[in-house]
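So the structure is just underneath, and the comments pick up after that.
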Amino acid sequence: MSKTSLIIKREYLTRVRKKSFLVMTILGPILFAAMMIVPIWMAQIEDTEEKLIAVVDSSGMFRNVIPDSENLRFEYLENEDIELLKNTFKARGFYGVLYISHIVTYAPNTVIFYSDKQPGISVNMHISNALEKEIEDRKLAAYNIENLDEIMASVKTNISIRNFKITDDGSEKESNAGVSMAVGYASGFLIYLFIFLFGAQVMRGVIEEKTSRIVEVMVSSVKPFQLMMGKIVGIALVGLTQFVLWIILTFTIVTVVQATLFPELSQSPTQQALNPTGLFEDGGQAATGENAAVAQEAISEDMVQIQNVLEAVRDINIGVMIGSFIFYFLGGYLLYGSLFAAIGGAVDNETDTQQFMFPITIPLIIGIFVMINTINSPESPLSFWFSIIPLTSPIVMMVRIPFGVPYWELALSAALLILTFIFTTWLAGKIYRVGILMYGKKVNYAELWKWIRYKN
Amino acid sequence: MEIFRAENVEKKFGDFVALDNVSISVPKGSVFGLLGPNGAGKTTLIRIINQITAPDKGALFFDGRPLKAEDVARIGYLPEERGLYKKMKVGEQALYLARLRGVSKNDALKRLKYWFEKFEIQTWWDKKVEELSKGMQQKVQFIVTILHEPPLLIFDEPFSGFDPINANILKQEILNMREKGSTVIFSTHNMGSVEELCNYITLINKSRVILEGEISQVRNTYKSDIYELSFTGDPEKLKLALNEKYTIKSLTENQGIHTAIIKVTEQVTENRLLSLIINSVHIISFQEVLPGMNDIFIKVVEETNQSVTL
Numbered sequence: 023m024s025k026t027s028l029i030i031k032r033e034y035l036t037r038v039r040k041k042s043f044l045v046m047t048i049l050g051p052i053l054f055a056a057m058m059i060v061p062i063w064m065a066q067i068e069d070t071e072e073k074l075i076a077v078v079d080s081s082g083m084f085r086n087v088i089p090d091s092e093n094l095r096f097e098y099l100e101n102e103d104i105e106l107l108k109n110t111f112k113a114r115g116f117y118g119v120l121y122i123s124h125i126v127t128y129a130p131n132t133v134i135f136y137s138d139k140q141p142g143i144s145v146n147m148h149i150s151n152a153l154e155k156e157i158e159d160r161k162l163a164a165y166n167i168e169n170l171d172e173i174m175a176s177v178k179t180n181i182s183i184r185n186f187k188i189t190d191d192g193s194e195k196e197s198n199a200g201v202s203m204a205v206g207y208a209s210g211f212l213i214y215l216f217i218f219l220f221g222a223q224v225m226r227g228v229i230e231e232k233t234s235r236i237v238e239v240m241v242s243s244v245k246p247f248q249l250m251m252g253k254i255v256g257i258a259l260v261g262l263t264q265f266v267l268w269i270i271l272t273f274t275i276v277t278v279v280q281a282t283l284f285p286e287l288s289q290s291p292t293q294q295a296l297n298p299t300g301l302f303e304d305g306g307q308a309a310t311g312e313n314a315a316v317a318q319e320a321i322s323e324d325m326v327q328i329q330n331v332l333e334a335v336r337d338i339n340i341g342v343m344i345g346s347f348i349f350y351f352l353g354g355y356l357l358y359g360s361l362f363a364a365i366g367g368a369v370d371n372e373t374d375t376q377q378f379m380f381p382i383t384i385p386l387i388i389g390i391f392v393m394i395n396t397i398n399s400p401e402s403p404l405s406f407w408f409s410i411i412p413l414t415s416p417i418v419m420m421v422r423i424p425f426g427v428p429y430w431e432l433a434l435s436a437a438l439l440i441l442t443f444i445f446t447t448w449l450a451g452k453i454y455r456v457g458i459l460m461y462g463k464k465v466n467y468a469e470l471w472k473w474i475r476y477k478n
Numbered sequence: 547m548e549i550f551r552a553e554n555v556e557k558k559f560g561d562f563v564a565l566d567n568v569s570i571s572v573p574k575g576s577v578f579g580l581l582g583p584n585g586a587g588k589t590t591l592i593r594i595i596n597q598i599t600a601p602d603k604g605a606l607f608f609d610g611r612p613l614k615a616e617d618v619a620r621i622g623y624l625p626e627e628r629g630l631y632k633k634m635k636v637g638e639q640a641l642y643l644a645r646l647r648g649v650s651k652n653d654a655l656k657r658l659k660y661w662f663e664k665f666e667i668q669t670w671w672d673k674k675v676e677e678l679s680k681g682m683q684q685k686v687q688f689i690v691t692i693l694h695e696p697p698l699l700i701f702d703e704p705f706s707g708f709d710p711i712n713a714n715i716l717k718q719e720i721l722n723m724r725e726k727g728s729t730v731i732f733s734t735h736n737m738g739s740v741e742e743l744c745n746y747i748t749l750i751n752k753s754r755v756i757l758e759g760e761i762s763q764v765r766n767t768y769k770s771d772i773y774e775l776s777f778t779g780d781p782e783k784l785k786l787a788l789n790e791k792y793t794i795k796s797l798t799e800n801q802g803i804h805t806a807i808i809k810v811t812e813q814v815t816e817n818r819l820l821s822l823i824i825n826s827v828h829i830i831s832f833q834e835v836l837p838g839m840n841d842i843f844i845k846v847v848e849e850t851n852q853s854v855t856l
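Keeping their order, the protein sequence lines are chains B and W. According to the numbering used here, the first sequence is numbered sequentially starting from 23. According to the numbering used here, the second sequence is numbered sequentially starting from 547.
Shown next as structure tokens:
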């Protein structure tokens, strides 16, 4: 086994066997999974409490019009004094009082909901939808049109825009801005995270070797450059291991939790189409009677969207995407990792790293800002230049790729990244080599410049 | 025959000259003291021998041929700034460092077993380094330094951090190593241990070699005609007996026995001095005082410092 691979092995094993690695590996996916599952769960558990709502309808038009839902029930009261009810509804077991004035057809603001609590948007929506529909139906019916139902059904139209991209060779490709955005954003952000997390680990590893004074023992056996590269590569492998574990575990957790807690969500689209009530659990009645057609339509609309998303995912050139993710992932990490190693070599302890961290942090943060801008306008000059400049290209280019990037731009950006990381590694090697054997010296940029010019 | 030779080595860091035309020759089987005040260039020279840094000019020879990269496997180095990975287990770490020096896994395990038994530290194998005391860590460090059984060993301030008992064990091991045919380069400020262990020295000051040679010769060269006389009787009589060619540098008394340090101002023999005092006091012992390495060190360094300032 060569010396460098011995070093890589040690750097890898000591980190992977650490308790903190295990904790991070387990906690990470739980957090990610929680981020995906909790909103769904919250949406589901929200308002499971059954609410009884008193309806005082002085127009007399809406008796039994508002359908009960899973946790909303409506009781229509006759001849009640609304003023009295306002004070006594709680004692009578009502969640709130819905007052519909007699002029509601031409004064839509005269529907009032009294409660001691702020009702959720879903409650308001549920009520207003039902009332709107009823008023619309009545107004339409007043025109005495024959075959109204058939006409209405045929009039109802839903537009969902499909995006087609015309490529240089003239062929058309369907695209989906939303999916491209999500995929690009996720990969750009992952790279940013990886560079920061594991770049800092490289730096801390170097500082640890310096403060524990093992470094001179080490460099009497191996070249400083081997030691530095061994550390950078070893930690890169730790990072890759962690991410692969995260991805596997996150998907496992999400799948298992979905299957056990929300079986309806893991149904295939076909099953959902066949069994529409599953999707409309909070409005079970919506799928009955005349509303069934609307629900059916909503389903097929969903289907189209799901299909679009799937097509868009297929359409993003998976090969290019994965290939460039790994490339920018490693390229960006090597570029910054070597700079982090140089900082670690130059200072005596972590508190001294501030002044050198600053110029490294700035381009990364600029990268993140440009990335957010790029999502909205992937072809802007700003996006173009920052996806070519190697200091930000790993983050920004990853966001552009799902939208489609000409190959020459990819090639230029990749070539510049390779050249730059070769340069930074060389530069870092020079600083590192001198720095690791230097103790108790306050280092500034002038000093670093001197080190770079030292001969071997 | 020398195991290591450096010829006209020069090393600059920017404008600072760390080594200026330095040549050393380390005889095989010797304990070679590399001495000098702080900042003289010792560590730079040691790092050049270990190929941690390369000289700007000059030639290096190992065992008669030019020094090459693989020679790190033939050199054991205990740096002054030394340490171990604190979070790593002792055994695992010793094995790792040995393998980096080119020892195969099996050999390393065998030798580690031998040394751990010899130092009675087998129980440390699975302990983390940070659980050991500083002295314990030094022992592990020492084992790691010599495990690849190198013909050339370099110790930079080896005794710092050792208690007297462990320092003694270490001294003994260094001498054992020499018995077995290894050569030891030994850099220290502790002149007592230099006198005890070294048979050759090179003294570096301000980037230059200012003194070198076999230690007995060096001490003879710097002897300054001082004699120590122990006697009983009247010290006044002694003073009267000595003329202006002699100065009594000090006179002390302990339980009736007087000790005088006498400096001879002119070239005179011991016999001449004895004949002058033989009738004045009762002589118990009489010997020439050879200068200690400490005195030589201070004298030579101060001389060169003055000549530089002039």
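The beta-carbon is built from N, C-alpha and C at its ideal position, and this holds for glycine as well.
Any chain W beta carbon closer than 7 Å to residue i
{"i": "Leu-35 of chain B", "result": "no"}
{"i": "Leu-212 of chain B", "result": "no"}
{"i": "Lys-472 of chain B", "result": "yes"}
{"i": "Asn-466 of chain B", "result": "no"}
{"i": "Leu-28 of chain B", "result": "yes"}
{"i": "Lys-25 of chain B", "result": "yes"}
{"i": "Arg-226 of chain B", "result": "no"}
{"i": "Ile-254 of chain B", "result": "no"}
Neighbour flag for residue i against chain B, beta carbons, 7 Å
{"i": "Leu-630 of chain W", "result": "yes"}
{"i": "Val-730 of chain W", "result": "no"}
{"i": "Ile-598 of chain W", "result": "yes"}
{"i": "Arg-647 of chain W", "result": "yes"}
{"i": "Tyr-746 of chain W", "result": "no"}
{"i": "Asn-652 of chain W", "result": "no"}
Enclosing alpha helix (DSSP H) for residue i [first to last residue]
{"i": "Ala-15 of chain B", "result": "With chain B represented from 23 up to 478, any question about residue 15 of chain B goes unanswered, as that position is not in the structure."}
{"i": "His-148 of chain B", "result": "143 to 163"}
{"i": "Leu-836 of chain W", "result": "Neither: Leu-836 of chain W is in no alpha helix (DSSP H) and is coded neither H nor E."}
{"i": "Tyr-467 of chain B", "result": "467 to 475"}
{"i": "Val-418 of chain B", "result": "415 to 422"}
{"i": "Lys-25 of chain B", "result": "25 to 38"}
{"i": "Ile-621 of chain W", "result": "Ile-621 of chain W -> not in any alpha helix (DSSP H); beta strand (DSSP E) instead, spanning 621 to 624."}
{"i": "Arg-593 of chain W", "result": "588 to 595"}
8 Å contact criterion, which residue i and residue j should meet: CB distance rounded
{"i": "Val-119 of chain B", "j": "Leu-106 of chain B", "result": "Val-119 of chain B to Leu-106 of chain B, Cβ: 10 Å. No contact."}
{"i": "Thr-47 of chain B", "j": "Trp-407 of chain B", "result": "Not a contact, Cβ separation roughly 37 Å."}
{"i": "Gly-681 of chain W", "j": "Asn-712 of chain W", "result": "5 Å"}
Start-to-end residues for the beta strand (DSSP E) that takes in residue i
{"i": "Val-77 of chain B", "result": "73 to 79"}
{"i": "Phe-777 of chain W", "result": "772 to 778"}
{"i": "Ala-564 of chain W", "result": "562 to 573"}
{"i": "Arg-95 of chain B", "result": "94 to 99"}
{"i": "Tyr-660 of chain W", "result": "Careful: Tyr-660 of chain W lies outside any beta strand (DSSP E), inside the alpha helix (DSSP H) at 651 to 664."}
{"i": "Arg-754 of chain W", "result": "754 to 760"}
{"i": "Thr-857 of chain W", "result": "What the structure shows of chain W is the stretch from 547 to 856, and residue 857 of chain W is not part of that stretch, so it cannot be assessed."}
{"i": "Gly-118 of chain B", "result": "118 to 122"}
Proximal residues to residue i (C-beta, below 6 Å), its chain only, five neighbours per side dropped
{"i": "Arg-551 of chain W", "result": "Ser-571 and Phe-607"}
{"i": "Leu-655 of chain W", "result": "none"}
{"i": "Tyr-98 of chain B", "result": "Val-77 and Arg-85"}
{"i": "Met-203 of chain B", "result": "Ile-397"}
{"i": "Lys-452 of chain B", "result": "Ile-474"}
{"i": "Pro-488 of chain W", "result": "Residue 488 of chain W is absent from the model: chain W starts at 547 and stops at 856."}
Residue i Cβ short of 6 Å to the ligand FAD heavy atom set
{"i": "Leu-749 of chain W", "result": "Of ligands this structure carries none, so the ligand FAD is not represented either."}
Cβ neighbours of residue i in the same chain (closer than 8 Å, five flanking residues each side left out)
{"i": "Glu-816 of chain W", "result": "Tyr-773, Phe-832 and Glu-834"}
{"i": "Thr-132 of chain B", "result": "Ile-122, Ser-123, Ile-125 and Val-126"}
{"i": "Gln-307 of chain B", "result": "Only weak support is given to the placement of Gln-307 of chain B: the predicted model assigns it a pLDDT of 43, under 50, and the question is left unresolved by the model."}
Residues near residue i in its chain [Cβ-Cβ closer than 7 Å; skip 5 each side]
{"i": "Thr-414 of chain B", "result": "Pro-385, Ile-388, Gly-389, Val-392 and Phe-408"}
{"i": "Phe-349 of chain B", "result": "Ala-436"}
{"i": "Val-649 of chain W", "result": "Leu-693 and His-694"}
{"i": "Asn-297 of chain B", "result": "The predicted model places Asn-297 of chain B with a pLDDT of 47, which falls under 50 and marks its position as unreliable, so this point remains unresolved."}
> What residues from the segment 547 to 566 of chain W come within 7 Å of chain B, judged by C-beta to C-beta, listed N to C?
Replying inline: So the close ones are Phe-559 and Gly-560.
>> Tell me which residues of the segment 344 to 373 of chain B have at least one Cβ-Cβ distance to chain W shorter than 8 Å, keeping chain order.
In response: Cβ contacts with chain W come from no residue of the segment 344 to 373 of chain B.
>> Output needed in chain order: residues of the segment 616 to 630 of chain W with a Cβ under 7 Å from some Cβ in chain B.
In response: Result list: Val-618, Tyr-623, Pro-625, Glu-627, Arg-628, Gly-629 and Leu-630.
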